[in-house]
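Start counting the sequence shown at 57; every next residue gets the next number (my numbering).
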Amino acid sequence: MNKKLLSFAMVFLLSLSFTVNTYAMDKRVKSSKSWTVTKEITKKEAKENKKYWKEGYLKGKAQGYVDSKKYHYANVVLFTNKTSHDKESGRTWGSGKVSVDTDWDKKMSCFLDMYYAHVYYGFES
């Protein structure tokens, strides 16, 4: 019985060690955030970009920022679903709060709000 209890305790303790968050917070970054902006496509816009857009559907763009005292870049990426990389802002360099955004996505329109955004950053080496 003691061996079973000891085995259970070892497995339990090992399982606890694997639940530790694997994402480390970069101490150089004060804050960061990304979000999407959606807007209903008008009849005129749908006519101008009729290959991809439909009236009443949503168009989207990504916005975000990274705040750090150190010189860094921020880059925001728009996804039209969880895996499809669609638009990118490009790297914007600066110190303090560096804000970035993409243009409106013209390759995809969504009936539902299915846009996602992620902000990326880096520092000078």
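Where a beta carbon is used, it is the ideal one built from N, C-alpha and C, also for glycine.
Source: prediction; values computed, not measured.
Item: Exposure of Gly178, with buried meaning 16 or more beta-carbon neighbours within 10 Å; Value: exposed
Item: Spatial neighbours of Arg147 in its chain, beta-carbon cut-off 7 Å, leaving aside the 5 residues before and after; Value: Tyr129, Asn131
Item: Contacting residues, own chain, Cβ-Cβ under 8 Å from Thr92 (five flanking each side not counted); Value: Gly116, Lys117, Ala118, Gln119, Leu134, Asp169, Tyr171, Tyr172, Ala173
Item: Segments of 3+ residues assigned as beta strand (DSSP E) that fall wholly inside the region 123 to 181; Value: 141 to 144, 148 to 157, 172 to 179
Item: Selected residue, minimal CA-CA separation from Val154, among Lys83, Asp82, Lys89; Value: Lys89
Item: Beta-carbon proximity list for Lys143, same chain, < 6 Å, skipping 5 on both sides; Value: Leu134, Thr158, Asp161
Item: Burial state of Ser151, where buried means 16 or more other Cβ atoms lie within 10 Å; Value: exposed
Item: Selected residue, minimal CA-CA separation from Ser165, among Thr94, Leu114, Asp82; Value: Leu114
Item: Beta-carbon contacts of Asn105 that lie in its chain and below 8 Å, excluding the five residues immediately before and after; Value: Lys162
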